[in-house]
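Report on the structure given below.
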Amino acid sequence: MTFRYTAIRRSQLNKLRIKDVDLLNQVIHIPSEINKNHEYHILPIFNYTLSLSKEIIN
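Right under this line is the structure:
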């Protein structure tokens, strides 16, 4: 799975919305309502997964 490089939990990934993924700044916003500890979190998107993320979203 490509997203293993982001350290995102599978449950979080399933609940993500397109608007949570910021390709321009290369980050994924994890809203507090889907985060295990109920805190807002930002995860980086590394270059390896950036191009694949663009393909999925577009």
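Under full-length UniProt numbering, read the sequence shown as residues 1 to 58, first letter to last.
The C-beta atom is built at its ideal place from N, Cα and C for all residues, glycine as well.
Since the model is a prediction, treat every value here as computed from it, not as a measurement.
Contact check, residue i vs residue j, beta carbons under 8 Å
i	j	result
Asp-20	Ile-8	no
Gln-26	Ile-45	yes
Gln-12	Asn-35	yes
Per DSSP, cross-strand counterpart(s) of residue i
i	result
Asp-20	Answer is none; Asp-20 lacks a bridge partner.
Ile-8	DSSP lists no partner for Ile-8.
Leu-13	Paired residue(s): none; Leu-13 is not in a bridge.
Ile-42	His-29
Three-state secondary structure assigned by DSSP to residue i
i	result
Ile-34	helix
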